[in-house]
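Undergrad: Please read through the structure below; I'll follow up with questions.
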Amino acid sequence: METNILTLPPILKLKLDLTSEQFWQLCQENNDFQFERTNSGELIIMPPTGGNTGKRNADLIFQLLVWKRQNNLGEVFDSNTGFTLPNGADRAPDASWVSRERWESLTPEQQDKFVP
Numbered sequence: 013m014e015t016n017i018l019t020l021p022p023i024l025k026l027k028l029d030l031t032s033e034q035f036w037q038l039c040q041e042n043n044d045f046q047f048e049r050t051n052s053g054e055l056i057i058m059p060p061t062g063g064n065t066g067k068r069n070a071d072l073i074f075q076l077l078v079w080k081r082q083n084n085l086g087e088v089f090d091s092n093t094g095f096t097l098p099n100g101a102d103r104a105p106d107a108s109w110v111s112r113e114r115w116e117s118l119t120p121e122q123q124d125k126f127v128p
């Protein structure tokens, strides 16, 4: 396996005119990178987190998952999950929760791609 090394500023922003499907494909074909997109179409390449941030995120995910299992009110997602926001941005929060009602209202295709 060939390793590609890309030296970039901490957060690189590019303005691209991509459809939602094109952005999805870009992410799938470049899964070594963490992409987000603003509502104005700026592509953001996110760097990995540091150790302390990773620990805090893991703790947050654990607490959300325990709460979810106790209450069974929805689904918990990690920082690799993309969400399409109402303003058109595509973001991947450090941790997230979606109500059961909202999750079950989505089609299987919507559940497999960025969550609307």
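Residue numbers (the working numbering): 13 to 128.
Every residue gets a Cβ at the ideal spot worked out from N, C-alpha and C, and that includes glycine.
Because the structure is a prediction, the values reported are computed rather than measured.
1. Can you say whether V78 is buried or exposed, counting buried as having 16 or more other CB atoms within 10 angstroms of its CB?
2. Taking a contact to mean a Cβ-Cβ separation below 8 Å, would you say A107 touches L76 in this structure?
3. Consult DSSP for G129 and reduce its assignment to one of helix, strand or coil.
4. State the start and end residues of the unbroken alpha helix (DSSP H) segment that holds F47.
5. Whole angstroms is fine: what's the gap from S52's alpha carbon to P105's?
TA: So, from the listed chains and residues:
1. Residue numbering aside, residue 78 sits at position 66 when the sequence shown is read from its first letter. Classification for V78: exposed.
2. Counting from 1 along the sequence shown, the entry for residue 107 is found at position 95. Counting from 1 along the sequence shown, the entry for residue 76 is found at position 64. Their beta carbons are under 8 Å apart, which means A107 touches L76 by this criterion.
3. The chain is shown from 13 up to 128; residue 129 falls before or after that span and cannot be answered.
4. Counting from one through the sequence shown, the residue named residue 47 turns up at place 35. Under the DSSP assignment, F47 falls outside any alpha helix (DSSP H), being part of the beta strand (DSSP E) whose first and last residues are 46-49.
5. Reading the sequence shown from its first residue, position 40 is the one you call residue 52. Reading the sequence shown from its first residue, position 93 is the one you call residue 105. Each residue's alpha carbon lies about 18 Å from the other.
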